[in-house]
Structures are given as C-alpha cells and as structure tokens.
Amino acid sequence: MILLLAFSSGFLLVILFLSFWLSNDNLRLSSAKNLAPNLEHLFGTDWLGRDMFTRTIKGLRLSLALGAFTSLLSVIIATLMGVCAATFGRTVDAVISWLIDLFIGMPHLVFMVLICFIAGGGVYGIVLGISLTHWTALARLVRSEVLQIKNVEYIQISKSYGKSAWFIARKHILPFIFPQLMIGFLLMFPHVILHEAALTFLGFGLSPQTPAVGIILSEAMSHISTGKWWLVVFPGVLLVGVIKSFDSIGEKLRILMEPSSANE
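Here the sequence shown is numbered in full-length UniProt numbering, starting from 1 and rising by one per residue.
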C-alpha cells in the first residue's frame, strides 16, 4: 500500500517538475512536422511541428492546476451546505437536501455543459460548471458527520457558554470533519480532471490556443485516420495515469485513516 502510494505521488511530482523544466520553445511552429516518436521527440510532433511531449506535460500541469482550484471550491461548497443542513434546522435541511437531489438527478455531463455554456466557456466556465456539480456527495457525507457530533457533550458545553455557531463550527466541527474533507478532495480530483478534459474536448472549455489535454485530443481526432496514432495515445495514456494516481492516493489515504473501510 505504501509503495503504491509513493509511486503515485512520485509520478505526479515528476510531471509537475517536467512541466516547469521543459522549454516553451518546443511549442513553437517548426518544419519537423508529423514526426513519429524518436529520441529527440519522445512523443513525436504534431502537424505544426510542435513537440508532443512538451504539449502533453504542460497540458497536464494546467489540468492539475484547474483540478486543484475547482476541487477546493467544490469542497468549500460541500462543507458550507453540509454544515448548514445539519445545524440550521429542518427547513434549511429540507431545502439543501432537495438541492442535492436535484443536482444528482440531472445528467452530470449535460448539466456541466449547460453551466459552462451559460458562463461563456473558458477557465471561468469550466471552474463554475464543474464546481457546481461535484459538491453533492461530499455535502451528504459532511451533513451525516455533523449530525453525529452536534449534540455531543463538549459542543453543548460550548453552547452553554454562549459561543456562537461560527465559533463552534470553526473550533469543534471543522477539525472533526477535516480528514473526510481531505479525502473527499483527493477523490474528487480525478473526476474534476477528467471532466475538464471532456468539456474541453467537446469545445465548451478552454480556448484552442491553450496547451490543454482535452484540446490536444480534440485536435488529434482529425489526424488519427492518417496513421498519426501518437497524437492520441500518449496524451490519453498520461491523462489516465494522472487520474488513476490521484484516485489511488485518495483511496489509500482513506484506508489509512479509516482502516474499517478497507473491507467495504
């Protein structure tokens, strides 16, 4: 378990290091067009002569940055919703539970595309579309955890001393649910990265000038029939590798923090 955790973390760190180390000069147009993978161009070159290894690595860095920010925003929304549902009475709980059911009931990708389209696409559209559709499961978990502890003795004592709901949430509730929030963030990360690539691939995400994996795959589809397989295979494999690495890290940390969940 520890070995797999270390391997997944090392893989992600190598990608981040390479994304800063590789020169942007490799993204300039050149005469070395449509070259198959070789020692100079590990992933080959595209129809404009750009190095595919550099494009893929820098595209993954962008995906990681967007994934981190969007996942964090989703966790914040889930935390606020879950805590409010569990602490502000039945009416608020009913409204938030209805919102959760509404968001879960709608087709996930269609809802993201709709929000992204309304927001005008780009980074803003992707962040808004993904963050507003990925908070529901974690919000349910937070609500359940808060309901279990809101009547425990030390919280009741804090209330008797006149402490505000904000003080109790900040000092007593948030530290208790922090491990669940961290695991939820890590498990949400691969879904966010995959959906960012999907939105970009469908044309509702980042601009074509951005070196994003979704754009790389979308552009390559018109060239795959001519035998340029490297334009799709390498970016796709690395994207799956990043997604599986984060999924593995989240699952292993969940098992380490909650050993009883290993048999679930």
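Even glycine gets a Cβ: it sits at the ideal position worked out from N, Cα and C.
Beta carbon of residue i nearer than 9 Å to that of residue j
i	j	result
T91	F234	no
L147	A78	no
E219	D46	yes
I104	M81	no
I126	L60	no
L27	R50	yes
I149	K159	no
M52	W230	yes
V123	L64	no
L206	L62	yes
I173	T87	yes
I224	V237	no
Exposed unless 16 or more other CB atoms sit within 10 angstroms - verdict on residue i
i	result
M221	exposed
G203	exposed
A94	exposed
I183	buried
W135	buried
R254	buried
P211	buried
G162	exposed
I215	buried
I118	exposed
F178	exposed
G120	exposed
V142	buried
R170	exposed
M106	exposed
V110	exposed
Paired residues, beta bridge with residue i - DSSP
i	result
D51	T45
Simplified DSSP assignment, three categories, for residue i
i	result
N38	coil
G67	helix
F88	coil
Y161	coil
L72	helix
N26	helix
W98	helix
A169	helix
F204	coil
H108	helix
M221	coil
G121	coil
G227	coil
H195	helix
Proximity test, Cβ basis, 9 Å: residue i and chain D
i	result
F17	Structure shown: chain D not included; a single protein chain is present.
inquiry  = For the region 120 to 131 against the region 183 to 199, do three or more pairs of beta-carbon atoms, one drawn from each stretch, fall closer than 8 Å, so that the two count as touching?
reply    = The region 120 to 131 is in contact with the region 183 to 199.
The region 239 to 250 / the region 8 to 25 touching (three or more Cβ pairs under 8 Å) = When Cβ pairs closer than 8 Å are counted between the two stretches, the region 239 to 250 is seen to touch the region 8 to 25, the count reaching three or more.
At least 3 beta-carbon pairs within less than 8 Å: the region 31 to 50 vs the region 68 to 77 = As far as the Cβ criterion goes, the region 31 to 50 does not touch the region 68 to 77, which means the pair count is below three.
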